[in-house]
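So the structure is just underneath, and the comments pick up after that.
Numbering (the numbering used here), first residue to last: 23 to 319.
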């Protein structure tokens with residue numbers, strides 16, 4: 023009863039409080055974060071190692087296992103480590119205890135990856151390291167098809183252009199697309215022509231590496247003007263790669279197009295996506311952390 027008596031003695035105070043509730047209520051509803059999935063803070067860091075052509079057994083024994091042992095000795099607050107090994111790919115997931123300092127652990131993983139890579143097979147590149155948690159779930163899927171573009175061209179558009187534009191959306195994470203073919207400049211060697219010329223595949227590799235160089239050039243100052251200097255150390259078209267010389271003999275110069283064909287191609291395809299029976303590329307959009315699913319959509 024005391025609150026009724028207080029309201030009767032101070033009517034203007036309760037009128038102001040009622041107006042504040044009337045104003046603040048809709049503002050609180052509009053500004054309150056809404057989401058479909060709860061935020062589950064179980065931090066996970068993935069390290070993805072790639073070495074094209076290395077078998078599953080070699081990938082596991084020479085790269086994945088060594089990296090797991092190195093992390094267990096140098097990275098703090100590890101709860102458990104899981105790994106999956108494929109032909110040429112090793113995926114290592116590191117789960118951390120709740121409350122762990124994930125940025126510090128992430129820096130430790132990057133540091134140990136740069137350290138152990140020196141003892142790995144020659145040609146091993148640094149891993150792709152991704153941080154996410156249990157709330158990072160796929161919420162959208164984009165399917166890309168075309169009646170005029172090839173699969174590797176669709177994949178290149180999705181990977182190189184679409185992902186970079188969608189990455190500006192707060193809380194959205196886009197892994198590599200599924201399906202399609204990874205666009206690459208390929209050199210198809212004619213083994214019989216190579217043997218007839220007395221060459222080996224390594225000669226073709228050396229010719230491409232020696233004549234496809236990115237070199238710093240600087241500038242040249244002539245009088246009052248300063249000019250940029252450009253070198254022709256790197257071919258600008260695929261046809262120029264075909265015309266690179268491999269070896270000079272008494273019978274003339276042997277070019278790459280004599281023993282091989284350089285073309286705009288793709289790496290061996292490892293997965294296929296179909297949309298209405300037509301080859302397509304699938305882009306997954308993941309929700310990251312505490313970002314609102316509805317806002318991302």
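We treat Cβ as the ideally placed atom computed from N, Cα and C, and that holds for glycine. Because the structure is a prediction, the values reported are computed rather than measured.
Assignment of residue 165 by DSSP, reduced to helix, strand and coil, places it in the strand class. Counting along the chain, residue 105 sits inside the beta strand (DSSP E) bounded by residues 100-108.
Here DSSP, grouped into helix, strand and coil, assigns residue 192 to coil.
Between the stretch 222-233 and the stretch 274-283 there are three or more C-beta pairs closer than 8 Å, enough to call the two in contact.
In the three-state scheme derived from DSSP, where H, G and I count as helix and E and B as strand, residue 64 is classed as coil. Remark: C-beta atoms of residue 204 and residue 289 approach each other more closely than 7 Å.
The straight-line gap separating the alpha-carbon atoms of residue 137 and residue 96 is approximately 11 Å. Around the Cβ of residue 178, a 10 Å sphere holds 16 or more other Cβ atoms; the residue is buried. Residue 218 sits in a helix when the DSSP states are folded into three classes.
Where residue 80 is concerned, the enclosing alpha helix (DSSP H) starts and stops at 78-81. Check the Cα spacing between residue 313 and each of 277, 194, 35, 256: the tightest is with 194. Beta-bridge pairing by DSSP links residue 27 to no other residue. Shown here for residue 78: same chain residues with a beta carbon closer than 7 Å to its own, the five before and five after excluded, namely 107, 108, 109 in chain order.
Here residue 180 is not near residue 162, since their CB atoms are 7 Å or more apart.
Going by DSSP, residue 262 is part of no beta strand (DSSP E) but of the alpha helix (DSSP H) stretching over 260-264. With a cutoff of 7 Å on beta-carbon distance, residue 82 and residue 103 are scored as not near each other.
Excluding residues up to 5 positions away in sequence, nothing lies with its Cβ nearer than 7 Å to the Cβ of residue 35 in the same chain. Within the same chain, 287, 288, 289 come within 7 Å of residue 206 by CB-CB distance, once the 5 residues on both sides are set aside. A contact between stretches requires three or more CB pairs, one per stretch, nearer than 8 Å, and the stretch 137-152 fails this requirement with the stretch 242-255. DSSP, read as helix, strand or coil, puts residue 273 in coil.
Each residue's CA atom was taken as its position, placing residue 146 and residue 85 some 9 Å apart. Shown here, residue 211 sits in a strand according to DSSP, grouped into three states. Contact between residue 235 and residue 268 fails: their C-beta atoms lie close to 16 Å from each other, not under 8 Å.
In this structure, DSSP gives residue 201 an extended state, which the three-state scheme calls strand.
Residue 295 is positioned such that its CB atom lies closer than 7 Å to that of residue 201. By the criterion of a C-beta distance shorter than 8 Å, residue 212 is surrounded in its chain by 281, 282, 283, once the five residues flanking it on both sides are discounted. Annotation: residue 244 to residue 258 spans about 27 Å, alpha carbon to alpha carbon.
Closest in alpha carbon position to residue 273, among 266, 309, 153, 219, is 219. Per DSSP, the unbroken beta strand (DSSP E) holding residue 307 starts and ends at 300-309. According to DSSP, residue 284 shares a beta bridge with 209. In the structure shown, residue 246 adopts coil according to DSSP, grouped into three states. Annotation: residue 152 to residue 92 spans about 18 Å, alpha carbon to alpha carbon.
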